[in-house]
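What follows is a short report on a single structure.
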Amino acid sequence: MSTKKKKIAILGCGWVGKALKEKLELQGHEVNCLCRDVNMDTLIGFYNCDALVIAVPPSDEYLAVIEDVYFSVSLNEAIDTQMIFLSSTSFYDDDKLIVEAEELAKIKDPDTVILRLAGLMGYDRIAGKYTSGKTIKDGPTNYVHRDDVVGIIESVIDSRIKDKIFNVIAPIQSTKKEIFRQNSTKFSFDETHFKGETKVVKAHSSAIICDVLGYEFSKKDVKNFWN
């Protein structure tokens, strides 16, 4: 890991953004983490950074926020800012807003690194908790632990790579039925009920990011996310 300390900006101080800030600061980096509703025009120097992580969730103003970020970064021509955009594996479901956001990011800066995150889990985000007592269709899980999302972003920043698109998903998945029932027993909430057969779908893979970055997942198996 590089010992060079960097100035890093994170737009989006949510569940991932806050954890990322803490981890990067432990490495000695200077980190600014801001909510998207802050008036950026008043924050001198925010975009003057070595790396910028866009970690805002989709909203009605999602595309406008992305456009504003890239415009603001472009004003600092003397600095070659590494752009990292947190997207979603819902891209593969043809989610219109996600697809348009990725396209916009690549148009504004072709060197952008796009991370397509699976469903964020771990800690108090417990699979099955919010469907307790309900009846839903079974299906394959599509999860990643927050620790690995933070670790991968850190590796991307450290490696200084550009112009890449990666899936970020735990290597070993399961079914919702198995994971939800496991968690209902472990955390003592009502079981989720399932109907129909498990739909077989092509699983997403994070093998490429492991090969390119040499990253090893700390939480490989979704069954062990809450151990």
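So in this note's numbering, spot 164 of the sequence shown is number 164, and the numbers just go up one at a time. Quick reminder that beta carbons are idealized off the backbone N, C-alpha and C, glycines included.
Between the CA atoms of residue 133 and residue 72 - distance to the nearest angstrom: Counting from 1 along the sequence shown, the entry for residue 72 is found at position 72. Counting from 1 along the sequence shown, the entry for residue 133 is found at position 133. Taking the straight line joining both Cα atoms gives about 47 Å.
Which of the three DSSP states is assigned to residue 82 in this structure? Here residue 82 refers to the residue found at position 82 when the sequence shown is read from its first residue. Strand.
Kindly indicate which three-state DSSP category residue 143 falls into: helix, strand or coil? What you label residue 143 is simply residue 143 of the sequence shown in a count that begins at 1. Note: residue 143 maps to strand in three-state DSSP.
Measure the alpha-carbon distance for residue 177 versus residue 138 and round it to whole angstroms. Position 177 of the sequence shown, counted from the start, is the residue given in the question as residue 177. Position 138 of the sequence shown, counted from the start, is the residue given in the question as residue 138. The alpha-carbon of residue 177 is positioned some 6 Å away from that of residue 138.
With 16 as the cutoff for other CB atoms within 10 Å, does residue 187 come out buried or exposed? Numbered from its first residue, the sequence shown carries residue 187 at position 187. Its Cβ having fewer than 16 others within 10 Å, residue 187 is exposed.
Relative to the C-alpha of residue 122, which residue among 113, 148, 115 is closest? As a position in the sequence shown, residue 122 is number 122, starting the count at 1. Out of 113, 148, 115, 148 has the C-alpha closest to the C-alpha of residue 122.
Here's a check: name, in chain order, each residue in its chain whose Cβ is nearer than 8 Å to the Cβ of residue 135, leaving out the five neighbours to either side. Position 135 of the sequence shown holds residue 135. Answer for residue 135: 192, 193, 194, 195, listed in chain order.
From 127, 185, 216, residue whose alpha carbon lies closest to that of residue 225: Walking along the sequence shown from the start, residue 225 turns up at place 225. Per the Cα distances, 127.
Could you tell me which uninterrupted beta strand (DSSP E) segments, each at least 3 residues in length, are contained entirely in the region 73 to 140, listed from first to last along the chain? 82 to 88, 113 to 117, 119 to 121, 135 to 137
Judging by CA-CA distance, which residue of 34, 92, 223, 5 is the nearest neighbour of residue 185? Here residue 185 refers to the residue found at position 185 of the sequence shown. Of the candidates 34, 92, 223, 5, the one whose C-alpha sits nearest the C-alpha of residue 185 is 223.
Secondary structure at residue 50, three-state DSSP: helix, strand or coil? Taking the sequence shown and counting its residues from 1, the one referred to as residue 50 is at position 50. Correct three-state label for residue 50: coil.
Minimum length 4: unbroken alpha helix (DSSP H) runs contained in the region 155 to 220: 176 to 187, 207 to 213
Beta-carbon within less than 7 Å of residue 19's beta-carbon, same chain only, minus the 5 sequence neighbours each way: which residues are those? By one-based count along the sequence shown, residue 19 stands at place 19. The answer, listed in chain order, is 146, 150.
8 Å is my cut-off, CB to CB: does residue 156 come that close to chain D? In the structure shown, chain D does not exist; there is a single protein chain.
Excluding sequence positions up to five away, which residues of its chain have a Cβ less than 7 Å from the Cβ of residue 90? Numbered from its first residue, the sequence shown carries residue 90 at position 90. 98.
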